[in-house]
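Reviewing the structure listed below.
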Amino acid sequence: MNDLQNFRLQYLYIAFVISILGFSQASANDKFPSVDPDPIICLGHFHVLDNVYDFCDTCGCGSSGGSMGYGTGLNNNFIGVRYIGQQYRSRDGIFNDSPWIDENFNTMQLWGNFPVLKRTVVNVIVPYQFHSRKFSDNTTQHINGLGDVSVLAMYNVLKVRPDSIVAIAPEHYVQVGGGVKIPTGTFDKANNTGSVNPSFQLGNGSWDYVLAANYGFNYRNWGVSTLLNYTIKTENPKEYQFGNQFNYALNAFKTYYVDNNFSLTPILGVAGEIYESNKEYGALVANTKGDIFLGKVSLEAAYSRYALGVVSMLPISQNLNNDKVELKNRLSIYLNVNF
């Protein structure tokens, strides 16, 4: 029954996103900037890079941002900084009546998207973590340091031509690729003592690998992007292995051009994350698998080569660690320079 209710809730939310997009497209006489009669589409307007990187392990390591993804709206090549904040609560013990503790995961990232070949781009994330939690006895714990560096290469299956503001004809976009998460962050088993949430780490301590595919549809100044990715996680030197992770997302957006150099892009979307059980010494660890379905609202302001954005995500339904871990919210703020 709960699964059926969750499915209905997810269906209604997706329908709501689509209806909002349709309403905004049908409303008012939108003003478009003057464009070349033979426009060339810009990759950035697809927002297909949203959620390309999703190495955050809600049931694992909380390392890189949890479905926050990329969000630059001007160009596919950029370098920038991003802050990600996540608030959780988890049981301080293995029992159903164990007290709740508050956990805060904070990440500052240097990130970028760099062209290496005509149809290939490389995405890089270098995170710095600073996490904290408060136990039921009012004691606190803080950890900070470099997280796991992530590198992902994406190949443009459908060729996209650069440098246009608006595409008059409908355009489609497809990317496939893969990447690696490098164990540059520290994994400390002692952080898992007591709390059922193994996420309180700077890194997984393992080499992890991702397969990704993105699809985008763009028409004039609105569009839709989708993604699927699967992360394969390996055992770390301390014989702990986080469960593999499957992610999916749908984003709908519309860009409003205030003038030739300034635009606003609101984005509505949904994202889902499914986690397999962790393993320790080759045996399954109880209460470490889970799933979560989130709603996403974001806004990006772009001026000339600069993009400033804020992303908010709230859980619609979740079952993490046998309901012993709960996500409260996720928030991201980023500033990118496009080139």
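Under the working numbering, read the sequence shown as residues 4 to 342, first letter to last. Think of the CB as a built atom: it goes at the ideal place given N, C-alpha and C, for glycine as much as any other residue. On a predicted model such as this, the values are computed, not experimentally measured, just so you know.
Asked	Found
With DSSP collapsed to three states, give me the class of K192.	helix
Opposite A172 in the DSSP bridges: which residues?	None, per the DSSP bridge assignment.
List the whole-angstrom C-beta distance separating F81 from V340, where the pair is believed to meet the contact cut-off of C-beta under 8 Å.	6 Å
What are the boundary residues of the beta strand (DSSP E) that includes V129?	T123 to K137
On the criterion of 16 or more Cβ atoms from any shown chain inside 10 Å, does K257 qualify as buried, or is it exposed?	buried
Using CA atoms only, rank isn't needed, just tell me which of Q248, S266 and F296 is closest to K331.	F296
Can you tell me whether DSSP reads E279 as helix, strand or coil?	coil
Could you tell me the alpha carbon to alpha carbon distance between M316 and Y259, rounded to whole angstroms?	22 Å
Is it buried or exposed for T196, if we count other Cβ within 10 angstroms and need 16 for buried?	exposed
Strictly by DSSP, which residues pair up with H106?	Rather than His, the amino acid found at residue 106 in this sequence is Glu. Y91 and R136, per the DSSP bridge assignment.
For F98, tell me which candidate among N200, M157 and T237 has the shortest Cα-Cα distance.	N200
Return the Cβ separation of V213 and N239 in integer angstroms, given the expectation that the two are a contact with Cβ distance under 8 Å.	Not confirmed; about 17 Å, so no contact.
Can the beta-carbon of G180 be found less than 9 Å from the beta-carbon of L155?	yes
Where Y278 and Q178 are concerned, what is the direct C-alpha to C-alpha distance, given to the nearest angstrom?	24 Å
If you pair each beta-carbon of the segment 137-157 with each one of the segment 120-129, do three or more pairs fall below 8 Å?	yes
Can you look up S209 in the DSSP assignment and give me helix, strand or coil?	coil
Please name the residue or residues paired with F245 in a DSSP beta bridge.	The partner list for F245 (beta bridge, DSSP) is empty, contrary to what the question assumes.
Spatial neighbours of G275 within its chain, please: C-beta separation below 6 Å, excluding the five flanking residues on both sides.	Y251 and F296
Counting C-beta neighbours from all protein chains within 10 Å, is the total for V119 16 or more, i.e. buried, or is it exposed?	exposed
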